[in-house]
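First up is the structure itself, then whatever we jot down about it.
See the structure below:
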């Protein structure tokens, strides 16, 4: 039976404050736990008025404190902008507080436009080529295995904990899949960003996997936008706010989620209509029957039954209803 998880970008609806959105996030996580969802992860985004997840490690601690069994993680930490040692210590701090419930997902994304990236690093330029070394260093710290010749040999990430929190690499294709496999860590494919590359990415990950202290066998999942309504028509109406939101985000415009009414009144150009249809390839929208069929298609295609779901629609109540309907599918 498929396992269900949530990736929350904490998208702020227009007319709502960040504080209100975070309250709804907490309520959604608590509901998800009762519905049988296993993971609740947070993305990391900066310098945007429409996304309230800027510090996933803090939100992880908050959700872990307000639930009992739900695993919580980052999806993912922008490792390139930080010290791997600091990330390792934050991870272990959380593991010490909430044993067995913490996961660390990392991404190669540089973290937005250049001025935002430089602000994150206090004007220190970080090149993408440094990511591979940083990821290896993170794993060294988390497994207490820094090589003797390493510049920081002898440094220990504290506090010391008994377990190795699972490490996941977020990716969009074969390169990231190969890297995760060779390092022996778990892999998440971002279908919600780039759906065309998934099949080969998963095949590459499974065929190249090498066991490690973090994972003895390949473990993977895919992340996808899902909006489930009572009917296909209702789901399509709810998803209209996400359609317009995605369009504006990709143009660098207002990143707050518009209402269904605003989306319905918006006059799309011909090119924008094409873009909306293209973006729908990143989403599953429909009734329970439609959603189940399309999720099963992706499960069969990717050969993994771990599904991480995003929902950036406008109404928090409709969002809860969607996750409840999805939980009833399996």
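Residue numbers (our numbering): 6 to 335.
Think of the CB as a built atom: it goes at the ideal place given N, C-alpha and C, for glycine as much as any other residue.
As the structure is a prediction and not an experimental result, all values here were calculated from the model.
Indicate whether residue i and residue j have their beta-carbon atoms separated by less than 8 Å.
i, j, result
"residue 61", "residue 107", "no"
"residue 317", "residue 14", "yes"
"residue 10", "residue 44", "yes"
"residue 92", "residue 143", "yes"
"residue 78", "residue 65", "yes"
"residue 46", "residue 110", "yes"
"residue 292", "residue 235", "yes"
"residue 287", "residue 213", "no"
"residue 52", "residue 117", "yes"
Hey, could you find the ends of the alpha helix (DSSP H) residue i is sitting in?
i, result
"residue 23", "23-40"
"residue 77", "That residue, residue 77, is in no alpha helix (DSSP H); its beta strand (DSSP E) goes 76-79."
"residue 189", "Residue 189 -> no alpha helix (DSSP H), and no H or E assigned at all."
"residue 245", "237-255"
"residue 51", "Run containing residue 51: none; DSSP gives neither H nor E here."
"residue 281", "275-284"
"residue 128", "Premise fails: residue 128 is in no alpha helix (DSSP H) and is neither H nor E."
"residue 327", "321-332"
Please report the straight-line C-alpha distance between residue i and residue j, rounded to a whole angstrom.
i, j, result
"residue 135", "residue 85", "7 Å"
"residue 153", "residue 159", "8 Å"
"residue 337", "residue 81", "What the structure shows of the chain is the stretch from 6 to 335, and residue 337 is not part of that stretch, so it cannot be assessed."
"residue 166", "residue 149", "11 Å"
"residue 244", "residue 157", "49 Å"
"residue 301", "residue 328", "16 Å"
"residue 75", "residue 58", "18 Å"
"residue 71", "residue 100", "16 Å"
"residue 306", "residue 224", "16 Å"
"residue 50", "residue 183", "25 Å"
"residue 88", "residue 131", "11 Å"
Where does the unbroken beta strand (DSSP E) through residue i begin, and where does it stop?
i, result
"residue 44", "44-47"
"residue 69", "Run containing residue 69: none in the beta strand (DSSP E); it sits in the alpha helix (DSSP H), 61-70."
"residue 225", "225-233"
"residue 108", "107-112"
"residue 289", "288-291"
"residue 13", "8-13"
Compute the beta-carbon to beta-carbon distance between residue i and residue j, rounded to the nearest angstrom, for a pair I have assumed lies under 8 Å.
i, j, result
"residue 162", "residue 90", "6 Å"
"residue 190", "residue 172", "4 Å"
"residue 7", "residue 310", "4 Å"
"residue 303", "residue 227", "6 Å"
Are the segment 172-183 and the segment 201-212 touching, with three or more C-beta to C-beta distances below 8 Å?
yes
Contact between the segment 278-296 and the segment 28-38 (3+ Cβ pairs under 8 Å):
Contact fails: fewer than three Cβ-Cβ distances are below 8 Å.
Would you check if the segment 253-268 and the segment 16-28 touch, i.e. whether three or more CB-CB distances between them fall below 8 Å?
yes
Counting beta carbon pairs with one atom in the segment 293-305 and one in the segment 241-260, are three or more of them shorter than 8 Å?
Flag = no, the segment 241-260 and the segment 293-305 do not touch.
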